[in-house]
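Numbering (our numbering), first residue to last: 3 to 314.
Following: one structure in structure tokens, then a few remarks.
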Ligand code: SF4
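Written out as structure tokens, the structure is:
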């Protein structure tokens, strides 16, 4: 098992990073590398499908989000976007996945559902815009998973444990390393890309409005997909992280522990407790209570009808 980024740098010196992770995973779990690649190829297909579905939009369960991908895609197709196509597509794809997630559609958790748009947004946009063969994207997913696994040895991957740095921050870090790999980066470049992405998300809190993975989560995924691409670009140009990746992960864990409970997915702080956030939270609670009352009334009615038909 690869236990640290320091160890990874040693193991991956002058080697293909995906190969290093495949070899380690095969040994740890007794699964042939071909099976891992086959599974990830299917995951890439699920990501692709959900991006296509997500582009057409539709309101989320909490009715707070859902049409962001459609709006940006329409603007892009109409030539009304000002950023370069790679960036805009990364945003559209991240929004598409998160729109699907908010409508309870099928997505790939990468590493979580709440952060599930970042990695596919970055990698599938890169694949399209830079003509990367799909097989290379699959190997980049191996890299993304490997980076996430090493982080997960020391940190819980959840907003409830350490704030959004532990979800979207980790996703951006995984995606940055994978993007650097796709663009020809070596092991060191990939680790620096991961480090640059992660350290610049430290302190990011988890404050979902109404307790739903909608606001700020959906748009946050698009913004951090671009953040991850920026980290990969810097690393590929030779920009390095002064703080080593292992130490950044340690810092993330310490910051997560010191965050107040209200900023760790409880919806008791941050955006969730703004005036608008409270109003939305109250509306969601009222609607849930109403649905519960309707279901109880329905059960009562059915029970009464049964009683009446038995006594007849
Ligand atoms: S704000 Fe919280 S719920 Fe939303 S994506 Fe971040 S960690 Fe997940």
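All C-beta atoms in this analysis are idealised placements derived from N, C-alpha and C, irrespective of residue type, glycine included.
Residue i: buried (16+ other C-beta within 10 angstroms of its C-beta) or exposed?
{"i": "residue 201", "result": "buried"}
{"i": "residue 15", "result": "exposed"}
{"i": "residue 42", "result": "buried"}
{"i": "residue 316", "result": "Any property of residue 316 remains undetermined from this structure, which presents the chain solely from 3 to 314."}
{"i": "residue 222", "result": "buried"}
{"i": "residue 186", "result": "exposed"}
{"i": "residue 75", "result": "buried"}
{"i": "residue 113", "result": "buried"}
{"i": "residue 244", "result": "exposed"}
{"i": "residue 239", "result": "exposed"}
{"i": "residue 156", "result": "exposed"}
{"i": "residue 46", "result": "buried"}
{"i": "residue 290", "result": "exposed"}
Any heavy atom of the ligand SF4 closer than 8 angstroms to the beta-carbon of residue i?
{"i": "residue 117", "result": "yes"}
{"i": "residue 105", "result": "no"}
{"i": "residue 161", "result": "yes"}
{"i": "residue 210", "result": "yes"}
{"i": "residue 99", "result": "no"}
{"i": "residue 283", "result": "no"}
{"i": "residue 202", "result": "no"}
{"i": "residue 219", "result": "yes"}
{"i": "residue 177", "result": "no"}
{"i": "residue 22", "result": "no"}
{"i": "residue 267", "result": "yes"}
{"i": "residue 276", "result": "no"}
{"i": "residue 169", "result": "yes"}
{"i": "residue 222", "result": "yes"}
{"i": "residue 215", "result": "yes"}
I'd like the list of long-range same chain contacts for residue i, defined as Cβ closer than 6 angstroms, with 5 residues on each side in sequence excluded.
{"i": "residue 214", "result": "64"}
{"i": "residue 145", "result": "19, 20, 179, 180, 183"}
{"i": "residue 141", "result": "20"}
{"i": "residue 30", "result": "3"}
For residue i, which residues of its own chain have a beta-carbon under 7 angstroms away from its beta-carbon, when the five flanking residues on both sides are left out?
{"i": "residue 134", "result": "128, 184"}
{"i": "residue 77", "result": "83"}
{"i": "residue 230", "result": "120, 124, 174, 177, 178, 181, 199"}
So does residue i have its beta carbon nearer than 8 angstroms to some heavy atom of the ligand MN?
{"i": "residue 259", "result": "In terms of ligand content, the structure shown lacks the ligand MN and carries the ligand SF4 instead."}
For residue i, which residues in the same chain have their Cβ closer than 8 angstroms to its Cβ, ignoring the five residues on either side in sequence?
{"i": "residue 25", "result": "35"}
{"i": "residue 5", "result": "152, 155"}
| field | Three or more C-beta pairs below 8 angstroms linking the stretch 245-264 and the stretch 103-115 | value | no
| message | For the pair the stretch 204-213 and the stretch 175-186, tell me if three or more CB-CB distances fall below 8 angstroms. | response | no
| Validate contact between the stretch 156-174 and the stretch 29-45 using beta carbons, cut 8 angstroms, 3 pairs | no
| Is there contact between the stretch 295-311 and the stretch 87-101, where contact requires at least three CB pairs shorter than 8 angstroms? | no
| the stretch 156-164 in contact with the stretch 261-278 per 3-pair CB rule at 8 angstroms | yes
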